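Take 8 as the starting number for the sequence shown in the numbering used here and just add one per residue.
Cβ coordinates follow ideal geometry from the N, Cα and C atoms, glycine included.
None of the values given here were measured: they were computed from a predicted structure.
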Amino acid sequence: MNILLTGATGFIGSHLLRALQAQGHQVTACVRDPASAARQFPGPRYITCDFTRDHTVASWRDRLAGVEVIINAVGIIRESGAQTFHALHFAAPRALFLAAAEAGVKKVIQISALGADDQAESRYHLTKRAADDVLAGLGLDCVILRPSIVHGAGAKSSEMFRALAALPFIPVPDDGRQLLQPIHIDDLVRVVLASIAKPEAGCPRIDLVGPEPITFLDMLLQMRRWLGLSRPRVLHVPYALLLPLARIGGFLGNAPITPETAAMLRRGNCAPVQALIERFGINPTGFVQVLDGTPATQADRWHARLYWLRPLLRLSIAFTWIGTAIVSALLYPAADSYALLAQTGIQGIYAPLTLYGAAALDLALGIAVLTRYRLRETVWPQIAVIIGYMLIISWALPEYWLHPFGPLTKNVPLLAAILTMYAMERR
Ligand SMILES: NC(=O)c1ccc[n+]([C@@H]2O[C@H](COP(=O)([O-])OP(=O)(O)OC[C@H]3O[C@@H](n4cnc5c(N)ncnc54)[C@H](OP(=O)(O)O)[C@@H]3O)[C@@H](O)[C@H]2O)c1
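Structure below.
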């Protein structure tokens, strides 16, 4: 079949892409950056789409020529800039679904989310439900799949939960008894594949869940056991404290918890599994069963432990640059700085130029690291500046190698830290 798949570069979309191709379907993958997608996931035909802009039927019309099935797997868990829930979960899918009805597309499969129902409260769920309602009202052959948390290779939520599980103190909201019912990605893929050929009347909304609920705390403890780590202490964080932390997280933009995710966790994420079994004849695999079926590797342990160290490393490197800039430009006596520069042969007008020029450079590098601005490109100037400073000081003030505070020797681990940041921050 000719299938248009959106979100093909994402966790769920990339698993779907592989499975659809393996089944011999002709996939058109609709992505933001076709060149980079084609490098990572070769095979399908790529076209460009952007859910922050494609909000009109006209923007989808040409893309749907010859398309028989649409699978929409675009979504976000937190907003940032133009990436809003309204745009990605509602405005673009609405236009896509209306265009599908107009073009006579045979089937639409919408990946919604468990909780996008009448009790929905979060904007994540409300915008999903609004798009689901539009689709259901079009009289198309369609199915709305509402997965609980999806786990499996590449799942971002599982990566974060594993990182929580690897901490010496596992933090859980309140008593940690919030119920989840994770479904494995392979089961979700099987449902989507089965849906393609299964005519549906009335655009049913089907909850995709694992065989039984598991508490948030038990899920983390099982992950910790799987990682082969000793039993931890559990840190119960009152929800009243979690919420302000989540607000700060939401404000910072990249934090693992936001008010939306905190509210979703509190509400729980469970549903009867019977509909899935009866409709598709699929018995989903249990969470613990999946863990036990795939032993943890050293890479899993490293990833879990480095997860929180990654932002810490970047912030500490930014702190070093910005702190050095402030100290050298504002706090350290200028006369003493000039005396040091004189020992390297820099005097007169060149002394303040060098002092404040170097401070400005340090500050610029620090801000770039802090804001992740062109991080890959700014790694090499950072290394060049450090090596440059080290060479000049080694030549003019070699006694600093023997200084008990180690002003030069400490640059050696700093260089390694910058390279480590480069390796971890690279996409
Ligand atoms: N994972 C779960 O546990 C889970 C549970 C329930 C429901 N869902 C739903 O399932 C869907 C897929 O989730 P996922 O886990 O696969 O998410 P994901 O890994 O974050 O993937 C999201 C996909 O959306 C694409 N995308 C983001 N912004 C876009 C834009 N402006 N225009 C076009 N494409 C854009 C991304 O493309 P880029 O590569 O260009 O960023 C990526 O392909 C979402 O709707 C999500 O709400 C997921």
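- Assigned with DSSP and collapsed to three states, Gln-117 falls in strand.
- By the criterion of a C-beta distance shorter than 8 Å, Phe-176 is surrounded in its chain by Pro-239, Arg-240, Val-241 and Leu-242, once the five residues flanking it on both sides are discounted.
- Only residues of its own chain outside the window of five on either side were considered, and among them Ile-77 and Val-115 have a CB closer than 6 Å to the CB of Ala-107, listed in chain order.
- Residue state for Ala-36 is assigned as strand, using DSSP reduced to three classes.
- Within the stretch 178-220, the complete beta strand (DSSP E) segments at least 3 residues long are 212-215, listed from N- to C-terminus.
- Between the stretch 207-224 and the stretch 265-280 there are three or more C-beta pairs closer than 8 Å, enough to call the two in contact.
- Distance from the Cα of Ala-341 is smallest, within the candidate group Ser-323, Leu-224 and Thr-361, for Thr-361.
- About 5 Å separates the CB atoms of Leu-95 and Ile-83; that is less than 8 Å, so the two are in contact.
- For Ile-425 and Ile-324, the gap between their C-alpha atoms comes out near 7 Å.
- Judged by DSSP secondary structure, Arg-153 falls within the beta strand (DSSP E) whose first and last residues are 149-154.
- The Cβ-Cβ distance between Gln-229 and Leu-272 does not fall below 8 Å.
- DSSP places Phe-223 in the helix class (H, G or I) of the three-state scheme.
- Per the Cβ contact rule, the stretch 178-193 is not in contact with the stretch 139-147 (fewer than 3 Cβ pairs under 8 Å).
- In this chain, Arg-321 is not harboured by any beta strand (DSSP E); it is covered by the alpha helix (DSSP H) spanning 305-333.
- Within the DSSP secondary-structure output, Asn-79 pairs in a beta bridge with Thr-13 and Gln-117.
- The alpha carbon of Ile-190 has as its nearest neighbour, out of Asp-139, Leu-322, Ala-120 and Ser-21, the alpha carbon of Ala-120.
- Ranked by how close their Cα comes to the Cα of Arg-68, the residues Thr-134, Leu-103 and Ala-270 have Leu-103 in first place.
- In the displayed model, Leu-236 falls within coil according to three-state DSSP, outside both helix and strand.
- Secondary structure note for Thr-351: it is in no beta strand (DSSP E), with a DSSP letter that is neither H nor E.
- Taking 7 Å as the cut-off, the C-beta of Gln-30 does not count as close to any heavy atom of ligand 1.
- Following the DSSP letters along the chain, one finds Tyr-53 in no alpha helix (DSSP H) but inside the beta strand (DSSP E) bounded by residues 52-55.
- For Ala-15, the shortest separation between its Cβ and any heavy atom of ligand 1 lies below 7 Å.
- In the same chain as Leu-404, and ignoring 5 residues on each side of it, the C-beta atoms closer than 8 Å to its own belong to Leu-347, Gln-350 and Thr-351, in chain order.
- Secondary structure note for Ser-401: its alpha helix (DSSP H) is the uninterrupted segment 382-403.
- Per the coordinates, the alpha-carbon of Gly-413 lies some 18 Å from the alpha-carbon of Phe-326.
- Within 10 angstroms of the beta-carbon of Ser-43 lie fewer than 16 other beta-carbons, which makes it exposed.
- Excluding residues up to 5 positions away in sequence, Ile-156 lie with their Cβ nearer than 6 Å to the Cβ of Ser-164 in the same chain.
- For Ile-19, the enclosing alpha helix (DSSP H) begins and ends at 18-29.
- Per DSSP, reduced to three states, the secondary structure at Leu-242 is strand.
- A distance of 8 Å or more separates the beta carbons of Glu-109 and Val-81.
- Between Arg-39 and Asp-61, the beta carbon gap of about 10 Å keeps them out of contact (Cβ cut-off 8 Å).
- Residue nearest to Phe-294 within the set Val-199, Asp-140 and Trp-233 is Trp-233 (criterion: CA-CA distance).
- Phe-412 sits in coil when the DSSP states are folded into three classes, being neither helix nor strand.
- Around the CB of Thr-55, fewer than 16 other CB atoms lie within 10 Å, so the residue is classed as exposed.
- Among the bridge pairs identified by DSSP, Ser-87 is matched with Gln-90.
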